[in-house]
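This report refers to the structure that appears directly beneath it.
2 protein chains.
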Amino acid sequence: MTLTIIPVEELPEVKPGDRVAELLLERVELRAGDVVVVTQKIVSKAENRLEPVDADDPLAHKAIVERESVRVLRRRGDLIVSETAQGFVCANAGVDLSNVERGWVALLPVDADRSARRIRDAIRARTGLDVGVIVSDTFGRPWRRGLTDVAIGCAGVAAVVDLRGGVDTYGRELLVTEVAVADEIAAAAELVMGKARGIPAAVVRGIDPAWLREGSVRAEIVRPHGEDLFR
Amino acid sequence: MTLTIIPVEELPEVKPGDRVAELLLERVELRAGDVVVVTQKIVSKAENRLEPVDADDPLAHKAIVERESVRVLRRRGDLIVSETAQGFVCANAGVDLSNVERGWVALLPVDADRSARRIRDAIRARTGLDVGVIVSDTFGRPWRRGLTDVAIGCAGVAAVVDLRGGVDTYGRELLVTEVAVADEIAAAAELVMGKARGIPAAVVRGIDPAWLREGSVRAEIVRPHGEDLFR
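Here the protein sequences come in this chain order: A and D.
The numbers in this note's numbering rise by one with no breaks, and the one at position 176 of the first sequence is 176.
To convert a position in the second sequence, counted from 1, into this note's numbering, add 1000.
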């Protein structure tokens, strides 16, 4: 089954109070089973998760990062790697200066799964279509250079697909088979977005229909402290 | 620009000495600029990176994992998270029992960038086409549940794209903009593979032509110890 990833072009600058679902539906013809990936940045703007910051004072940004962190894992120079209230471990608690007007920062959505559900529900209400929605953000990782997009919230699509109990091509039980499909879909969508091209949404068409169930990044992907070897 | 991800179906079971490029070309019509993603498993089989193991002795597998590790980061139960000679940090040093005949394990390729170059060169020699090749494997990550596919080797396609010096949609210089596109392409390809479906290769069509330069996962993605906050 072939997968298609379609950038949503020419979205306008999103402002507080804008309805992301409506902006998307004006620009793309969705089909049942599509997964719409929207970046955290436009979701945060629509939800007015913007906060003024003194752009000439580097400590002002840092103070917001500290406040948004429930625990700091590492510091080096200007970089803080910390855990957010939602359990994400990322740089600067997700508090972001890029693609935001000077003098403002964008905070992560309070509950990105809920943000995804709202967009999904609005799409269903307007079109009758069942689609998946993923809110993505750009995170670094230990051990590997370069950033990749991951899911911070989802609705109508699984975050993790558990293939345990399946068999490999030798008929032997698969051992390690929990795949974070929401993260892979977010990464795939980033390939058509591009930070500098300003495309903040994409449609992924053709994913396995079995993955189109109610999902939650927080419940399925955020690793509880007790089972985490690196926290 | 729309991206298409095409599974390469009905590849035969790969055996030591098989030519991966030829097997692929018999089953898929490539175009210039395509990126072919092949899983580590078939590359390791073709390169005869297989080793017999006593399937009834759990310590036998573990001994190979220890030997393939240059440094162990964490142990819990049967799980070892360690660093390989190539600098990858992953579970069990990449030594894998699944999708291999009982009584054997598959080791990682010695140099997966070189594996990718060989396949790329063979495709070019037979077709005259310039394509990218990525060798992928399935890794866990700290802090997030679920596995995702990442690149362990590449040729003819960038591992990391550096957008530094670019500007965001507000015309401000982008700060954090090194994107691990090879990892995102590997993740995208996994969406059409599926561990249990036994599809070990996919073609990603439509990526940004600017990314089609000579790349190296080892040089661009493996993070040197000195700059790694988590090793």
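Ideal Cβ placement from N, Cα and C applies to all residues, glycine included.
What you are looking at is a predicted structure, and each value in this text was computed from that prediction instead of being measured.
Next item on the list: Quick one: which unbroken beta strand (DSSP E) runs of 3-plus residues sit fully inside the stretch 1030-1066 of chain D? Chain order, please.
Entry: 1035-1039 and 1050-1052
Next item on the list: Say whether chain D places a C-beta atom closer than 8 Å to the C-beta of glutamate 190 of chain A.
Entry: Locating residue 190 of chain A in the first sequence gives position 190, where the first residue counts as 1. At least one chain D Cβ lies under 8 Å of glutamate 190 of chain A.
Next item on the list: Kindly provide the ranges of any alpha helix (DSSP H) runs that are 4 or more residues long and lie completely inside the stretch 104-146 of chain A, ordered along the chain.
Entry: Fully enclosed alpha helix (DSSP H) runs of no fewer than 4 residues occupy 112-127 of the stretch 104-146 of chain A, in order along the chain.
Check: Considering only the beta carbon of each residue, do valine 160 of chain A and glycine 1146 of chain D sit closer than 8 Å?
Finding: The count along the first sequence starts at 1 and reaches residue 160 of chain A at position 160. The count along the second sequence starts at 1 and reaches residue 1146 of chain D at position 146. Cβ distance < 8 Å, so valine 160 of chain A and glycine 1146 of chain D count as in contact.
Notebook entry, point to check: Mapping DSSP to helix, strand and coil, what is isoleucine 207 of chain A?
Noted result: The count along the first sequence starts at 1 and reaches residue 207 of chain A at position 207. Judged by DSSP in its simplified three-state form, isoleucine 207 of chain A adopts coil rather than helix or strand.
Notebook entry, point to check: From the DSSP output, which residues share a beta bridge with alanine 85 of chain A?
Noted result: Counting from one through the first sequence, the residue named residue 85 of chain A turns up at place 85. DSSP output for alanine 85 of chain A lists no bridge partner at all.
Margin query: Which residue marks the beginning of the beta strand (DSSP E) containing isoleucine 185 of chain A, and which one marks its end?
Written below: On the first sequence, residue 185 of chain A is found 185 positions in, with the first residue counted as 1. Note, isoleucine 185 of chain A: premise wrong, no beta strand (DSSP E); alpha helix (DSSP H) at 181-193.
Notebook entry, point to check: So does the stretch 1101-1115 of chain D actually touch the stretch 1050-1067 of chain D, counting three or more Cβ pairs closer than 8 Å?
Noted result: yes
Note to self: Which residue marks the beginning of the alpha helix (DSSP H) containing leucine 1023 of chain D, and which one marks its end?
What the structure shows: In the second sequence, residue 1023 of chain D corresponds to position 23, counting from 1. Segment 1020-1025, the alpha helix (DSSP H) holding leucine 1023 of chain D.
Check: valine 1160 of chain D lies in the alpha helix (DSSP H); which residues open and close that run?
Finding: Indexing the second sequence from 1 puts residue 1160 of chain D at position 160. Premise fails: valine 1160 of chain D is in no alpha helix (DSSP H) and is neither H nor E.
Next item on the list: Return the bridge partner residues of leucine 11 of chain A from the DSSP annotation.
Entry: Walking along the first sequence from the start, residue 11 of chain A turns up at place 11. Note: leucine 11 of chain A sits in no beta bridge, so no partner.
Notebook entry, point to check: Between which two residues does the beta strand (DSSP E) harbouring valine 1217 of chain D extend?
Noted result: Taking the second sequence and counting its residues from 1, one reaches residue 1217 of chain D at position 217. First-last for valine 1217 of chain D: 1217-1220, but that is the alpha helix (DSSP H), not the beta strand (DSSP E).
Notebook entry, point to check: Is the Cβ of leucine 1003 of chain D closer than 8 Å to any Cβ of chain A?
Noted result: Taking the second sequence and counting its residues from 1, one reaches residue 1003 of chain D at position 3. Yes, leucine 1003 of chain D lies at the interface with chain A (some Cβ there is under 8 Å from its Cβ).
Notebook entry, point to check: Using a beta-carbon distance below 8 Å, is aspartate 1056 of chain D in contact with chain A?
Noted result: Locating residue 1056 of chain D in the second sequence gives position 56, where the first residue counts as 1. By this cut-off, aspartate 1056 of chain D is not an interface position.
Next item on the list: Pull up the CB-CB distance for isoleucine 1207 of chain D and valine 1037 of chain D, whole angstroms please, since I reckon it's below 8 Å.
Entry: Locating residue 1207 of chain D in the second sequence gives position 207, counting from the first residue. Locating residue 1037 of chain D in the second sequence gives position 37, counting from the first residue. With a beta-carbon spacing of about 11 Å, isoleucine 1207 of chain D and valine 1037 of chain D fall beyond the 8 Å limit used to define contacts.
Item checked: Which of helix, strand or coil DSSP assigns to glycine 77 of chain A -> As a first step, residue 77 of chain A is located in the first sequence; it is residue number 77 there, counting from the start. Of the three classes helix, strand and coil, the one that applies to glycine 77 of chain A here is coil, per DSSP.
Checklist line | DSSP three-state assignment for glutamate 178 of chain A, whether helix, strand or coil | finding: The count along the first sequence starts at 1 and reaches residue 178 of chain A at position 178. It is a strand residue.
Next item on the list: State the CB to CB distance for the pair valine 43 of chain A and valine 203 of chain A, rounded to an integer number of angstroms; the pair is presumed to be in contact (CB under 8 Å).
Entry: As a position in the first sequence, residue 43 of chain A is number 43, starting the count at 1. As a position in the first sequence, residue 203 of chain A is number 203, starting the count at 1. Rounded, the Cβ-Cβ distance is 16 Å, inconsistent with contact.
Next item on the list: Return the chain-ordered list of same chain residues with a C-beta closer than 6 Å to the C-beta of isoleucine 199 of chain A, the five sequence neighbours on each side being excluded.
Entry: Within the first sequence, residue 199 of chain A is the residue found at index 199, counting from 1. Once the five neighbours on either side are set aside, the close Cβ partners of isoleucine 199 of chain A are Pro7 and Met193.
Notebook entry, point to check: Is the beta carbon of aspartate 1228 of chain D sitting closer than 8 Å to the one on tryptophan 143 of chain A?
Noted result: Residue numbering aside, residue 1228 of chain D sits at position 228 when the second sequence is read from its first letter. Residue numbering aside, residue 143 of chain A sits at position 143 when the first sequence is read from its first letter. Contact: yes.
Next item on the list: Answer with yes or no whether the minimum CB distance from proline 1007 of chain D to chain A is below 8 Å.
Entry: On the second sequence, position 7 is the one that residue 1007 of chain D refers to. It does: the Cβ of proline 1007 of chain D has a partner Cβ on chain A nearer than 8 Å.
Next item on the list: Just the chain D side, please: which residues come within less than 8 Å of alanine 187 of chain A by C-beta, in chain order?
Entry: The residue you call residue 187 of chain A lines up with position 187 of the first sequence. Within 8 Å Cβ-Cβ: Thr1148, Asp1183, Glu1184, Ala1187 and Ala1188.
Check: How would you call aspartate 1078 of chain D, buried or exposed, if buried means at least 16 neighbouring beta carbons within 10 angstroms?
Finding: Reading the second sequence from its first residue, position 78 is the one you call residue 1078 of chain D. By the neighbour-count rule (16 or more Cβ atoms within 10 Å), aspartate 1078 of chain D is not buried but exposed.
Next item on the list: Compare the beta carbon distance of valine 1133 of chain D and alanine 1182 of chain D with 8 Å and say whether it is the shorter of the two.
Entry: Taking the first residue of the second sequence as position 1, residue 1133 of chain D is located at position 133. Taking the first residue of the second sequence as position 1, residue 1182 of chain D is located at position 182. No.
Checklist line | Cβ-Cβ separation, threonine 1004 of chain D to arginine 1205 of chain D (assumed contact under 8 Å), whole Å | finding: Here residue 1205 of chain D refers to the residue found at position 205 of the second sequence. Here residue 1004 of chain D refers to the residue found at position 4 of the second sequence. The Cβ separation is near 4 Å, so the contact holds.
Notebook entry, point to check: arginine 19 of chain A CB to nearest chain D CB: under 8 Å?
Noted result: The residue you call residue 19 of chain A lines up with position 19 of the first sequence. Not one chain D Cβ lies under 8 Å of arginine 19 of chain A.
Item checked: Nearest candidate by alpha-carbon position, reference alanine 1021 of chain D, set D:Asp1121, D:Leu1191 and D:Leu1163 -> To locate residue 1021 of chain D, count along the second sequence from 1; it is residue 21. Among D:Asp1121, D:Leu1191 and D:Leu1163, the Cα nearest to that of alanine 1021 of chain D belongs to D:Asp1121.
Check: Cβ atoms of histidine 61 of chain A and arginine 107 of chain A: under 8 Å apart, would you say?
Finding: Numbered from its first residue, the first sequence carries residue 107 of chain A at position 107. Numbered from its first residue, the first sequence carries residue 61 of chain A at position 61. Per the sequence shown, residue 107 of chain A should be read as leucine rather than arginine. Cβ distance not < 8 Å, so leucine 107 of chain A and histidine 61 of chain A don't count as in contact.
Note to self: Am I right that asparagine 48 of chain A and proline 16 of chain A are in contact with their C-beta atoms under 8 Å? What's the rounded C-beta distance?
What the structure shows: For the purposes of this step, residue 48 of chain A is taken as the residue at position 48 of the first sequence. For the purposes of this step, residue 16 of chain A is taken as the residue at position 16 of the first sequence. With a Cβ gap of about 4 Å, asparagine 48 of chain A and proline 16 of chain A count as contacting.
Notebook entry, point to check: What does aspartate 1228 of chain D touch in chain A if you count any residue whose Cβ is under 8 Å from its own?
Noted result: Counting from 1 along the second sequence, the entry for residue 1228 of chain D is found at position 228. Listed along the chain, the chain A residues whose CB falls inside 8 Å of the CB of aspartate 1228 of chain D are Pro142 and Trp143.
Checklist line | Nearest to alanine 201 of chain A (by Cα), restricted to the options A:Thr2, A:Arg27, A:Met1 and A:Asp18 | finding: To locate residue 201 of chain A, count along the first sequence from 1; it is residue 201. The shortest Cα separation from alanine 201 of chain A among A:Thr2, A:Arg27, A:Met1 and A:Asp18 belongs to A:Arg27.
Next item on the list: Starting from the Cα of arginine 141 of chain A, find the closest Cα among D:Arg1074, D:Val1095 and D:Cys1090 and give me that residue.
Entry: One-based indexing of the first sequence puts residue 141 of chain A at position 141. Considering only alpha carbons, the answer is D:Cys1090.
Note to self: Beta-carbon within less than 7 Å of tryptophan 1242 of chain D's beta-carbon, same chain only, minus the 5 sequence neighbours each way: which residues are those?
What the structure shows: Here chain D has residues from 1001 to 1231 only, and residue 1242 of chain D is not among them.
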